[in-house]
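Protein chains in written order, with our numbering: chain X, 1 to 417; chain V, 1001 to 1368.
Backbone N, C-alpha and C fix where the C-beta goes; we use that ideal spot for every residue, glycine too.
Just so we're clear, the structure is a prediction, and the values are computed from it rather than from any experiment.
Remarks on the structure that follows.
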């Protein structure tokens, strides 16, 4: 066959009538860092157990280098695949080094003691995970995070081509989480196959080369992070409303959950912004579930970029170009269908004068009163100032918080506060 | 950065070249083993010498040397030889064998179930063995063959072990208390059956029955050593072969499986051997409590939790403990003898209580 390192074929595991893993096909090769994601109870841990040979499939098979894992001698299997469970408990006072050396079990004969080589390897792994000075410390005295790192080191001491990690960062702080996943990336680059179940989708997106989304024992979606982490897929599997957007700092995808039912959910709101003045309100209103439209925005403006990343419908003109009457006509339906049009606080020049004209078409207009840390509303010409005063005539002027409060109260939902 | 291919030649990590961890651990272990052996030798000499008729250590050593064919010293008098060879020695050897066996089985139970409160008596193996013995006595087969009692104690202990195995396998993760309570249930079932048998037994059998509730070493002869040693000594040696497997058990069964250990087979093998060893030990002495619980704990403080050291150390410690307890029982109120089971219970129960309090406190803090 194809020489894939680990392969599941029609893999199933059931207990009684409950099917935990359901006819699953998956291939993972050396050099990959695969993140297994999915809601609680989707079968992530069971899948890893089956790959580790800890559970025997009720149907189908797991192949390790084209050899069925169930028929393999258990120690030779353990020299090729290691498994880090979520169990970090220990009742007896073993030292960290003693725990690490247990990872050599599949490599040693019955009456063979760990030699200098084994000890040196354990030490290297301990310093690799950043616990250099802890070898003689009691394992039980470590924090939860340190125990996870020590058990990760133990999995490395086992010296295998495949690493299966069940939520390896569940009790780690962000620093150690970054460390453990960076190490996983490094291990994958070195030619190992690493499969980790991960709950935090943004973490999974950032580090993994491939994601497998499980839903009730089946693969709902599989591929590169940007292929799997899509709101329409995640919403269905997790049963929540999510926002997927690239992180400004790293460019990798972040997934955020937004509430389903707020008083403002579905309310059509149009935002007129520019120069980043609409960013905060966009986020807030998006979180509330308003049905947002935006514009007219200049291309590459931070408002425009945010709207685009959130999939908000918006009108757009070229950067630094002047908004024409025709574009206003085109944008008019967006403003007219909105229950509320919000005119953000931005500097008005010749280029965006058209946005004030657009605002005058609104059914209900709210003018944002800029807070001390927001973009001030300045005018480069008398024309702009006059036009602004005309537009404002029939509108209310509210600050940021008042707008949110008004929207949340739109359907008079009793607030639990 | 990534260390798999890096050798320690650069001197970056010189500690890798000096296995100081192993060296200090080995030094501590050999010291512990030397001290334990010397203490055991001293306890044996003391136990052989002290009694209703004191025998001087000098005549003891003389006897030993002559028997070993070293030198041509004059033998001590005939009466001393009889007391030493037919009464004291077999009793001390029996104490050593039973003490080591129960202590080692305690270590095995605690490791196997990752549970510091496990031991042959807490998990019901002792009660099962006792039932077997009482059946042998009431059915009258005990007087027929000397091997009837050990055969039935083995069967009883195996039965209890099978119950514990089934109960522990029916749940994925076993909490500390679950297995202890299951053991208690098995224990009381077998004890209840033992008591029920008493109702149907004749008067002369009752005194034998008492032996099976208390445990004691009085009147143990070479015969008892002869049938038990060929089982107990190989049994203990085989148990010590599985020290590393016991280490892996403490990581949890899933981790042990992923490290390539055949957990279920190992569990069955270890439980079966422990049941045989416990059964035969009980056939010699009756059920002696607390040895299997207490000794592993005390020695874990001294040699650490690694079963490769803990198992042999517990064998020495268990032997030492039981020889001393038996000596105490004989020397405390002469001419009366306090049975060794009573002494171990009196010494052991406060320890059990303090153990429970300590485990409770640790769980309350949250560091399981």
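### Query
Does residue 1121 of chain V come within less than 8 angstroms of chain X when only Cβ atoms are used?
no
### Message
Contact criterion: CB-CB distance below 8 angstroms. Does residue 1369 of chain V meet it with respect to chain X?
### Response
Only positions 1001 to 1368 of chain V appear in this structure, which leaves residue 1369 of chain V out of reach.
### Message
For a minimum of 4 consecutive residues, which ranges assigned as the alpha helix (DSSP H) are wholly contained in the segment 102-138 of chain X?
### Response
Taking 4 residues as the minimum length, the alpha helix (DSSP H) runs contained wholly in the segment 102-138 of chain X are 116-128, in order along the chain.
### Query
Residues in the segment 1245-1263 of chain V with C-beta within 8 angstroms of chain X's C-beta atoms, listed in sequence order?
1247, 1248, 1250, 1251, 1252, 1254, 1255, 1257, 1258, 1259, 1260, 1261, 1262
### Query
Are the Cβ atoms of residue 52 of chain X and residue 25 of chain X separated by less than 8 angstroms?
no
### Task
Reducing DSSP to helix, strand and coil, say where residue 221 of chain X ends up.
strand
### Query
Near residue 165 of chain X, what residues of its chain come up, given a Cβ to Cβ distance below 6 angstroms and the 5 sequence neighbours on each side ignored?
84, 196
### Task
Ignore the nearest five residues each way along the sequence and tell me which others in residue 101 of chain X's own chain have a CB closer than 6 angstroms to its CB.
114, 122
### Endpoints, alpha helix (DSSP H) assigned at residue 1164 of chain V
1148-1169
### Message
Using a Cβ-Cβ distance cut-off of 8 angstroms, determine whether residue 1115 of chain V contacts chain X.
### Response
yes
### Neighbour list for residue 1330 of chain V in chain X, Cβ cutoff strictly below 7 angstroms
Ordered by position in chain X, no residue passes the 7 angstroms Cβ test against residue 1330 of chain V, which lies about 35 angstroms from the chain.
### Message
Measuring only the C-alpha atoms, how far is residue 1080 of chain V from residue 1091 of chain V?
### Response
So the alpha carbons of these two residues sit roughly 15 angstroms apart.
### Query
Could one say the Cβ of residue 1241 of chain V lies closer than 8 angstroms to chain X's Cβ atoms, at least one of them?
yes
### Query
Does the segment 132-143 of chain X come within contact of the segment 183-197 of chain X, defined as at least 3 CB pairs closer than 8 angstroms?
Output reads no: the segment 183-197 of chain X does not touch the segment 132-143 of chain X.
### Query
By the criterion of Cβ-Cβ separation under 9 angstroms, what are the contact partners of residue 181 of chain X in chain V?
Per Cβ cutoff of 9 angstroms: no residues; residue 181 of chain X is ~14 angstroms from chain V at best.
### Task
Determine, using beta-carbon pairs with one atom in the segment 296-312 of chain X and one in the segment 233-250 of chain X, whether at least three such pairs fall under 8 angstroms.
Judged by Cβ distances under 8 angstroms, the segment 296-312 of chain X makes contact with the segment 233-250 of chain X, as three or more pairs qualify.
### Task
Could you have a look at residue 1117 of chain V and say whether DSSP puts it in helix, strand or coil?
coil
### Task
Grab me the residues of residue 1132 of chain V's own chain with a C-beta within less than 6 angstroms of its C-beta, minus the 5 sequence neighbours each way, in chain order.
1152, 1153, 1155, 1156
### Task
Return helix, strand or coil for residue 1261 of chain V, following the three-state DSSP convention.
coil
#### Entry: Whole-angstrom C-beta distance between residue 406 of chain X and residue 398 of chain X, which should lie under 8 angstroms
7 angstroms
### Query
Which of helix, strand or coil does DSSP assign to residue 1126 of chain V?
helix
### Query
Interface residues of chain X around residue 1300 of chain V at Cβ under 8 angstroms?
92, 93
### Task
Return the residue from the list X/305, X/178, X/322, X/320 that minimises the CA-CA distance to residue 314 of chain X.
X/305
### Query
Straight-line CA distance for residue 1249 of chain V to residue 103 of chain X?
Annotation: residue 1249 of chain V to residue 103 of chain X spans about 13 angstroms, alpha carbon to alpha carbon.
### Task
Pair every Cβ in the segment 123-130 of chain X with every Cβ in the segment 145-152 of chain X, then say whether three or more of these pairs are closer than 8 angstroms.
yes
### Task
Identify which residue in V/1095, V/1068, V/1357 has its Cα closest to the Cα of residue 1219 of chain V.
V/1095
### Classification of residue 1110 of chain V by the beta-carbon crowding that lies within 10 angstroms, buried from 16 upward
buried
### Task
Anything in chain V within Cβ reach of residue 87 of chain X, meaning under 7 angstroms, just list it in chain order.
Near residue 87 of chain X (Cβ distances below 7 angstroms), the residues of chain V are 1252, 1254, 1255.
### Query
When the cut-off is 8 angstroms and only beta carbons count, does residue 54 of chain X lie next to chain V?
yes
### Among X/222, X/276, X/30, X/49, nearest to residue 14 of chain X - alpha-carbon criterion
The shortest Cα separation from residue 14 of chain X among X/222, X/276, X/30, X/49 belongs to X/49.
### Interface partners of residue 227 of chain X on chain V, CB under 9 angstroms
Within 9 angstroms Cβ-Cβ: nothing; residue 227 of chain X doesn't reach chain V, min ~29 angstroms.
### Task
Please report the residue range of the alpha helix (DSSP H) in which residue 405 of chain X lies.
Its alpha helix (DSSP H) spans residues 400-408.
### Task
Taking residue 1240 of chain V as part of the alpha helix (DSSP H), name the residues at either end of that continuous run.
Unbroken alpha helix (DSSP H) run through residue 1240 of chain V: 1222-1241.
### Query
Going along chain V, which residues have a C-beta under 8 angstroms from residue 158 of chain X?
1259
### Task
Could you please give the first and the last residue of the uninterrupted alpha helix (DSSP H) stretch that includes residue 63 of chain X?
From DSSP, residue 63 of chain X is part of no alpha helix (DSSP H) but of the beta strand (DSSP E) over 59-64.
### Task
Determine the contact status of residue 11 of chain X and residue 60 of chain X, defining contact as a CB-CB distance below 8 angstroms.
yes
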